[in-house]
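So in our numbering, spot 37 of the sequence shown is number 78, and the numbers just go up one at a time. What follows is a set of notes on a single structure, which appears directly below.
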Amino acid sequence: MTMLIGIDVGNTNMTGALASDDGKRIATLRRKSDRAGGAKAGVKLIAEIIAALQKRASAKGGSVRRIGVGFGGPVDFERGVALLSHQNPGWENTPLRDQLQKRFGISVTLDNDANAGTLGEWRFGAGRGVSDLLYVNIGTGIGGGVIANGALVRGAQNLAGEIGHIIVRRDGPVCTCGKHGCLEGCASGSAIGRRGSEALGRKVNGKEVFALAAKGNATARRVLDAVIEDLAHGLGVGIGLLNPALIIIGGGLSEAPEKLFLKPLRRAVPRYCLAEAAPHLRIEPAQLRYDAGVMGAVALAM
42 MTMLIGIDVG NTNMTGALAS DDGKRIATLR RKSDRAGGAK AGVKLIAEII
92 AALQKRASAK GGSVRRIGVG FGGPVDFERG VALLSHQNPG WENTPLRDQL
142 QKRFGISVTL DNDANAGTLG EWRFGAGRGV SDLLYVNIGT GIGGGVIANG
192 ALVRGAQNLA GEIGHIIVRR DGPVCTCGKH GCLEGCASGS AIGRRGSEAL
242 GRKVNGKEVF ALAAKGNATA RRVLDAVIED LAHGLGVGIG LLNPALIIIG
292 GGLSEAPEKL FLKPLRRAVP RYCLAEAAPH LRIEPAQLRY DAGVMGAVAL
342 AM
């Protein structure tokens, strides 16, 4: 019996899943990332997770035939190279695919974590059966991925779906990419915390802004209204380009109270897209939540 392994190389955690050939999860392992150790420590930890999952497969009378890896940063898909990690230094131009293939003698597919999350929700989560969708992962930053005509869209440099770097306010804050007014800098979880802190005059994070808004704090509600307007603007650009049937909201904001986030977002989006597109569009939370990446890595191995 052959099996698959998926690895989600996150900024905080690394997660591995052992799955059957048709993607049914058998076992999961999660370990803390060594954020200061760079590629050397990271590859060592990935290898330890793979080896442990191989033992699980052997104990069940199986063997691993393919490995998929979703990496938390841009990758060169064709060469299997992790180009860099924006959050964890020391990963620049790491030939991760070849290193793992050499170590384990198993075929490896490497992609970025946003594409992996997109595949995970499409194959196993909220996007099952949908041929055209946009996946938007909103956490510390904003990433995304595109399924069009039943296939993942990667683009010329594997940068398709980078909706977090659509500029929604030219006079907006400086983004991690160096530009002003990117969606990520205006509507991510960290942006909500920053905007909330500025408006309230004290340090708060995104969760605290939602908690205050839920209690009726008018300032916190105004912050969320402004964030949702910026997010709707960015999604409207994506809708105009892609005409998706479904937008899946993943990451930490997928767990925000619906009445404070998804419901007002659904009301706001039609103001930023063609009237003909809005009635046929669904905006839904991710079903796999934090497992979208690792299950997408399994999908990469299928």
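For each residue, glycine too, the CB sits at the ideal point set by N, CA and C.
Asked                                                                                                                                                           : Found
Just to check my reading of the structure: isoleucine 290 and proline 326 have Cβ atoms closer than 8 Å, yes? What is that Cβ distance to the nearest angstrom? : 5 Å
Secondary structure at isoleucine 204, three-state DSSP: helix, strand or coil?                                                                                 : helix
In the DSSP assignment, what residue or residues form a beta bridge with serine 148?                                                                            : Arg107
Tyrosine 176 bridges to which residues according to DSSP?                                                                                                       : Gly186, Ile289
Looking at the unbroken beta strand (DSSP E) that takes in valine 57, where does it start and where does it end?                                                : Note on residue identity: the sequence assigns glycine, not valine, to residue 57. Unbroken beta strand (DSSP E) run through glycine 57: 54–61.
Any idea what DSSP makes of arginine 312, helix, strand or coil?                                                                                                : helix
Report the three-state DSSP secondary structure of aspartate 139 (helix, strand or coil).                                                                       : helix
Pick helix, strand or coil for alanine 297, following the three-state DSSP scheme.                                                                              : coil
For leucine 193, does the three-state DSSP call read helix, strand or coil?                                                                                     : strand
One question on the structure: do valine 177 and isoleucine 204 come within less than 8 Å of each other, judged by their Cβ atoms?                              : yes
Measuring straight from C-alpha to C-alpha, what distance separates alanine 219 and alanine 98?                                                                 : As written in the sequence, residue 219 is glycine, which differs from the alanine given in the question. The straight-line gap from Cα to Cα measures roughly 45 Å.
In the DSSP assignment, find the beta strand (DSSP E) that holds phenylalanine 73 and state where it starts and stops.                                          : It is lysine, not phenylalanine, that sits at residue 73 in the sequence shown. First-last of the beta strand (DSSP E) with lysine 73: 66–73.
Suppose you measure from the CA of isoleucine 233 to the CA of asparagine 246; what does that come to, to the nearest Å?                                        : 7 Å
In the DSSP assignment, the beta strand (DSSP E) including leucine 45 goes from what residue to what residue?                                                   : 43–50
Taking the alpha-carbon positions, what's the lysine 85 to glycine 293 distance?                                                                                : 28 Å
Note the first and the last residue of the continuous alpha helix (DSSP H) segment covering arginine 97.                                                        : 79–100
Is valine 171 helix, strand or coil when you go by DSSP?                                                                                                        : coil
Run the CB neighbour count on aspartate 266, radius 10 Å, all protein chains shown included, and call it buried at 16 or more, exposed below.                   : exposed
Roughly how many angstroms lie between the CA atoms of leucine 141 and serine 148, to the nearest whole one?                                                    : 9 Å
Any idea if proline 130 is buried or exposed, counting beta-carbon neighbours within 10 angstroms, 16 or more meaning buried?                                   : exposed
Against chain D, with Cβ distances strictly below 8 Å, would arginine 210 count as a contact?                                                                   : Any reference to chain D falls outside this structure, which holds one protein chain only.
Glutamate 325 lies in the beta strand (DSSP E); which residues open and close that run?                                                                         : 323–326
Taking arginine 76 and asparagine 54 to be in contact with their CB atoms under 8 Å, please state how far apart those CB atoms are, rounded to whole angstroms. : About 10 Å separates the two Cβ atoms, so there is no contact after all.
Grouping DSSP H, G and I as helix and E and B as strand, with all else coil, what is cysteine 223?                                                              : strand
Applying the 10 Å Cβ sphere with the 16-neighbour rule, what's the burial state of asparagine 134?                                                              : exposed
Assign valine 209 to one of three DSSP states: helix, strand, or coil.                                                                                          : coil
Going by C-alpha distance, which of Gly182, Asn190, Arg195 is nearest leucine 224?                                                                              : Gly182
Between leucine 174 and arginine 106, how many whole angstroms is the CB-CB distance? I'm expecting something under 8 Å.                                        : The Cβ separation is near 28 Å, so there is no contact.
Got a sec? Which residues, its chain only, sit under 6 Å from alanine 58 by beta carbon, not counting five neighbours each side?                                : Gly47, Arg66, Thr69, Val335, Val339
Can you look up asparagine 199 in the DSSP assignment and give me helix, strand or coil?                                                                        : coil
Please name the residue in Ala333, Phe302, Lys81 whose C-alpha comes closest to that of glycine 166.                                                            : Ala333
Cα-Cα, which of Leu287, Ser229, Leu125 is closest to glutamate 270?                                                                                             : Ser229
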